[in-house]
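Residue numbers (the numbering used here), protein chains in the order written: chain A, 20 to 741; chain B, 795 to 1179; chain C, 1458 to 1786. Backbone N, C-alpha and C define an ideal beta-carbon position, used for all residues, glycine too. Quick caveat: nothing in here was measured; it's all calculated off a predicted structure.
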Amino acid sequence: MARKTRSSRLSRREFLKLSTFGGLGLIAAACTAPQTPAPATVAPKTEAKPAATTAPAAPVPTSAPAAKAPAAQSPGSNLVGKLEGPQVIRDASKMPATFKEAPMLADKVKAGQLPAVKDRLPSEPMVVQPLSEVGKYGGTWRRGFTGPADAENVNRILSADKPLFWDFTGNEIRPSLARDWKVSDDGKTITLYLRKGAKWSDGKPFTADDWMFWYEDIYGDKEITPTPHPDMLVNGKPGVMKKVDDYTVVFEFPEANYLFEDLLAGSTFIGGGQSTRQSTGNAGGGYAPAHYLKQFHAKYAGKDKVDAQAKEAKFDSWVAYFKNRIDYGLNPDLPTMGPWKTAQARNTPTFVLERNPYFWAVDTEGNQLPYIDKLQLTLAENLENLNLKAIAGEYDWQERHTDMQKLPVFIENQQKGGYTVRLDPALNGSDSTLHVSQTYEADPEIAKWLRKKEFRQALSMGINRDQLNETFWLGTGKPGNGLPDPSMPFSPGAEWNDKYAKYDAAAANALLDKIGLDKKDGEGFRLRTDGKGKLTLELITVGAQFVPYTKHAEMIREQWRKIGIDAVVKELERSLAFQRSKNNENQIMFWANDGSEFIYLFPRHALPVDPAECHMGQAIADWYASGGKQGKEPQDADLKQALQLFSSAGGKKREERVKIAQDIWKIYAENLWSIGTVGRSPAFMGVRIVKNTMGNVPARQLNAQHGRTPNASHPETLYFKS
Amino acid sequence: MAQSVPAIPTDPDHLVEDIATDAEERVSVATQWQLMWWRFKQHRLGVFSGVVIVIFYLVVVFADLLAYVDPAQSEALRSLIAPQPIHWFDNGQFRPHVYALAGKRDPLTFKRVYEPDPERKIPITLFARGFEYKLLGMVPTDVHLIGLAGAPPEEGLYLLGTDLQGRDMWSRLMLGTRTSLTIGLLGVAISLFLGVLLGGLSGLYGGWVDTLIQRIIEITRSIPTIPLWMGLAAAVPNSWNVTQIYFSITIIISLIGWTELGRVVRGRFLSLREEDFVLAAELAGASQWRIIFRHMVPSFLSHIIAATTLALPAMIISETALSFLGLGLRPPAVSWGVLLQDAQNVQSLAISPWLLAAAIPVIIIILAFNFLGDGLRDAADPYGV
Amino acid sequence: MLAYFTRRLLLALVTTIAISALSFVIIQLPPGDYIDQYIAQLSASGSAISREEAEALREQYGLNQPIWVQYGLWMGKIMRGDFGISLEWQRPVSEVIGERLWLTIVVSLAAIMFTWMVALPIGIYSAVRQYSPGDYLFTLIGFVGIAIPNFMLGLILMYIGFRFFNSNVGGLFSADFETAPWSAAKVWDMVKHLPLPVFVLGLGGMAQLIRIMRANLLDELRKPYVVTARAKGLTETQAILKYPVRAALNPFASTVGYLLPYTVSGSIIVSLVLGLPTVGPVLLKSLVAQDMFLAGSIILLLGVLTVIGTLISDLLLMWIEPRIRFQAH
């Protein structure tokens, strides 16, 4: 036992050191210094030291990193490198003067099938400083996917088509599809400046009209988007989008909405670009190719015609067909703005994408990106098969669906498969979180206890997180109560991560005795106070996810015997479990809290505010989202305070928002409406298998929802060395 | 007529030679069941299989006596221990013991490695004390057949190693055997009942009864089993506890399993109805029930036995398949299917192959049931004697 | 005779309709619908749609109508040869299943052929040389095949292949051919990938076949006509092969019709483990995702296949056993 604790403590320190190494400097700056958004004119705001120039040829542990590492190292530390990534250059003086292109495109230009590269690029292309070196053109990036439902697999790789994006630390906003942006002093007006001369993948100009088409005819069409989206509201009041000129778009809100720039950079409805469209019901994204889509829209082509078209294509309505046509993965004809465009649709056994000849980004030497010609995703009939193929070295870069439990096998086959395993620990506090419903009612006795803070604290202290970490995360995770990684600006400090998160059966027992659960049955289980036998909690899990929730729950159930708490574990089919959450029927539901480390962009796993998904109390989320019109008002004063803080944050400037987030997390740590276990680990998209032939591979990449893993590494700068 | 060695029908001379007169006398007065028993005894493999099956069902009865630790007890520091060798002699004396293990995770390979410590010998004893249970479901006790004598709680015996959660595979296997074999037995009993009843009715009465039952059989069989399982398993209310789910799984398996038997029985009834001896019995004024149970059933008993013994392994396999699909029994229940599902991944094959051990009893019992069925079939076959 | 035939045909039709209804019920059994699945799936990938949008989607797919209306609409479409759109794949069901169905049948037929080619000779040998060491050995091998859960055997063989023989992990094609159009080279590539799935799939059925063949033949060999045949001086081979083997094959008629659909159904799990691009994995996924038209169509297709199989079996049986023909009236 002693040996174990020591080693895990060591690993925690190591992790901390490693994560701070890459990110903390910038993060600290982001935390303390007021970070006002860049002014409209291009300010030389680059840190002027892209990772690649200061650290040439990142020390990627190739071939056998294991052999050289000192034996005393804690598990995983040798596989976690320095956080690094390519940089978007904003200094106009560093703009390359001439442009080059991929050979396959040069041939087409020669044959007269394509305009010259300088005519295809906008006047101010995005300039990306590759991580290590300027790459070579060519090659096919092979990946695995699990079917049409696995849209996110590629969505994330194409995320450059978002208006704004985060840098590789995940803490600073960078321009992407938009060349710049401005937030007015009062926070009511946000302006996006588009790249002049940028073109759709079919060569047609990309302008503010494409934004207005989305706003008026997709977002504004009641049939396609029945309800306003929270992203476009501030305190329940809608904002509007306006065209200023062909290359300028403004968003105007009735109240200050400083948060909006984060939304434009985040994995959100408004800021997701074309590449998140499936995940937003094929309605989000901010812009759309008007010149192409009008032929499928009732307003432009006439309802009779579009209905007939839909019928012909075997769709039930024009809206259904429109939503199919607007999905880049399903419709290869759709003009796009991403680095690659679909050549063979996602709903076939092989999802193929080819370079977009009009992609609007170049490297520092003026080479048009992306370097890699083609993406080829082969359908894996199940996850085990996908992992086997990864082990066999059949994928070039795969971070999605790789199973943490197979880490020893991945490592063992590195040489044979010609790849290197890297771990990218995520920033969220817990991969397996016990969301305790605050609106469960079916059993009043249970409901009473679930709503009691001390009860939740005792449950938390009754969990031996080290055991979970060692068994299911192979020691690579970090135990904690679910708070974000201390490297994030929102973290109230590392000491808060451990609050009620240290295994302490004695303290938990004392607490439970104190709150009135002091009577036990013959087996040592605590009795209900209404005289109906022992108190039994129901733990709801969902199978076949990134981590084995059911097994976690079973282990926790065993551990709780020591604090006299009985529980049953029920593995439900995912939709059923979610449905039960919606109906306030779950007592405790296991789910991750990934994404919520950036609480303003994705709060749903930290606070009951999003009616779309809420395991902590649907009725409260309904109440919150409807402004008190629906659902149930929470009785818990702390929860109310947290919700109040949260709703006030949108109108606050960044440094104030960060401060509020810290306060929310402090309240959370005390109340544990969801109890975190082990997180800040590579379990979700953090076990990265990359062929040794690939270049510009970061030692460690940002693994977070808002960073659209792996997009913070700018996949368009990856290339094949041979 | 009854040769005492198994018939080799290709050699008719052999037949004549072998008939001894006193044997003949004995045979002529023996009942049919006696004849079957004598004949069954000739089938060595069948008899041996019968013994194996009896042993397995003894495990079912005494599962918790044979287990030595609580099969649900997990411990991360004991994760994935390989089966532990037993040292029988200590300084030349017979004193079975195991070495204490010290484990850690290798930081480079990520595997857990365990070093035996030859200095710390832990003796194994019979009738050691362990977790509490009720022997035969009645007598509360904490005595287990084997265990470690005076070992500190963190030391343990790992005859078949441990799984990912550090749970003892031997103990889990014992309790898994209990679950899986009772499911099999129960399931086949329900199938047999349904199959003989409905198949018999169908074959006997014909007409609309036959048509109706035939349709039911046909429709049930026409639906691919897996969707049917999935649909039925999904229909099992999620509020049910482990025992209820256990029974519902059994019933689901047998609801699909009976049709095979039903078809066989019906087919036999149909052809036997035309046989002379049935006609003779009818003419002699025998009641219908008498005809069925005295004349018809014995004549195809062998077929039913063959089908039943075949159905039993099918039940066991069905249970493992259901578990593989995540539709069968779920933890904390332990069954062969649950154990196999835990082993059904590449890391088990590569790092902890001992988790596959659960496949061995599955294979043995299925072989045993098949050979037993073979023996019984040969013995019961009226033509064979 | 003709009357019996028509009657059987009519019954098969009734059965088919019953199966279509039942398959629709099966896919409706799990609580919730495709939209619930879709929402849960969106949540897993970090996004969501609102309740109103969900309702709009339900309306769009007709999921808010009563089940019998949905069934009626579905059947109406199928009558017109339209299996509907797969909700998950956003493609016509016929396209999603299309190639997979053929590959399924290829794999299944290959497995059946393998089983018969191995099992029948062994069955005959075992019956003729009952209780000989060979009988025991072959029976043992056959039974071990039935005893090893095929999903486990598949994984083990695949892993051994990868670890020690550098073979592909799963699938029916190597990476180069996966996207290629059909050609002789692609067919050959598939043939090279067939042995593993065919072996794993065929092994399970083998023991059963050996056992039935052996038992049936033993029954026949004990009948007086065999003795007569021998007495009349037929050679041993003739005496066994000419009539008893043929007679022993008769009861197979009642199972032959089931073989294909059963192998197809049995291939679901094996396909999943071995990553074969057959209907199996799609069926499982569609059942989980409650992609009702896709799941329903596959179940219906397999069901119809079985009904046709049963019909063929019954007709064969009638032809072989005239007694059944008479009894049927």
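- Boundaries for W684(A): no beta strand (DSSP E) harbours it, while the alpha helix (DSSP H) harbouring it runs 673 to 690, taken from the DSSP string.
- Taking C-beta atoms as the reference points, L453(A) and F609(A) count as a pair closer than 8 angstroms.
- The alpha-carbon separation between A1705(C) and L1678(C) amounts to approximately 9 angstroms.
- The continuous beta strand (DSSP E) containing T935(B) extends over residues 933 to 942.
- In this structure, the CA atom of G1690(C) is about 35 angstroms from the CA atom of M1090(B).
- Taking 8 angstroms as the cut-off, the beta carbon of Y738(A) is found closer than this to the beta carbon of G154(A).
- As for any alpha helix (DSSP H) of minimum length 4 sitting wholly inside the segment 1504 to 1540 of chain C, the runs are 1508 to 1518, 1524 to 1536, ordered along the chain.
- N690(A) counts as buried, since at least 16 other C-beta atoms from the protein chains shown sit within 10 angstroms of its C-beta.
- In this structure, K207(A) places its C-beta atom within 8 angstroms of the C-beta atom of A275(A).
- Residue nearest to L531(A) within the set K471(A), G512(A), Q564(A) is K471(A) (criterion: CA-CA distance).
- Within its own chain, the residues whose Cβ lies closer than 6 angstroms to the Cβ of G844(B), once the five positions on either side in sequence are excluded, are L1166, listed in chain order.
- When DSSP reads this structure, N386(A) sits in a beta bridge with K119(A).
- For the pair of segments examined, the segment 1077 to 1093 of chain B was found not to touch the segment 1575 to 1583 of chain C: the number of CB pairs separated by less than 8 angstroms stays below three.
- With contact defined as three or more Cβ pairs closer than 8 angstroms, the segment 994 to 1001 of chain B and the segment 1059 to 1066 of chain B are in contact.
- When only Cα atoms are considered, F341(A) and A1513(C) end up about 14 angstroms apart.
- In this structure, the beta-carbon distance from G1519(C) to D335(A) falls below 8 angstroms.
- The residue from Q598(A), N343(A), G647(A) with its alpha-carbon nearest to that of Y1491(C) is Q598(A).
- Proximity of the segment 1720 to 1738 of chain C to the segment 1561 to 1570 of chain C meets the contact definition, three or more beta-carbon pairs being nearer than 8 angstroms.
- Comparing alpha-carbon positions, the option among R365(A), L372(A), R344(A) lying closest to G357(A) turns out to be L372(A).
- When DSSP assignments are scanned along the segment 536 to 571 of chain A, the uninterrupted stretches of beta strand (DSSP E) that are 3 or more residues long and fall wholly within it turn out to be 555 to 561.
- Taking a cut-off of 8 angstroms on C-beta distances, the segment 1000 to 1019 of chain B touches the segment 1472 to 1487 of chain C, as three or more cross pairs fall below it.
- Per DSSP, M635(A) lies in no beta strand (DSSP E) segment and is marked neither H nor E.
- For P444(A), not one C-beta of chain B is nearer than 8 angstroms to its own C-beta.
- According to the DSSP assignment, T267(A) belongs to the beta strand (DSSP E) that extends over 267 to 271.
- Judged by DSSP in its simplified three-state form, I584(A) adopts coil rather than helix or strand.
- Looking at V1072(B), D1168(B), F1094(B), I1047(B), the one whose alpha-carbon comes closest to that of S1117(B) is I1047(B).
- Counting C-beta atoms within 10 angstroms of its own C-beta, A525(A) has fewer than 16 neighbours from the protein chains shown and is therefore classed as exposed.
- In the three-state DSSP reduction, M968(B) falls in the helix class (H, G or I).
- With a cutoff of 8 angstroms on beta-carbon distance, L98(A) and L626(A) are scored as not near each other.
- For K342(A), there is no enclosing beta strand (DSSP E); the enclosing alpha helix (DSSP H) has its first and last residue at 337 to 344.
- Any Cβ of chain A closer than 8 angstroms to the Cβ of G1529(C) would place that residue at the interface, and such an atom is absent.
- Of the candidates V1702(C), F1630(C), M1615(C), V1702(C) places its Cα closest to the Cα of M1670(C).
- Contact check between the segment 278 to 293 of chain A and the segment 309 to 328 of chain A: fewer than three CB pairs, one atom from each, fall below 8 angstroms, which does not count as touching.
- DSSP, reduced to helix, strand and coil, places E616(A) outside both helices and strands of the structure shown, so it counts as coil.
- Within the segment 1729 to 1746 of chain C, the residues whose Cβ lies closer than 9 angstroms to any Cβ of chain A are, in chain order, L1729, V1730, L1731, G1732, L1733, P1734, T1735, G1737, P1738, V1739, L1741, K1742, V1745, A1746.
- Counting along the chain, L394(A) sits inside the beta strand (DSSP E) bounded by residues 393 to 398.
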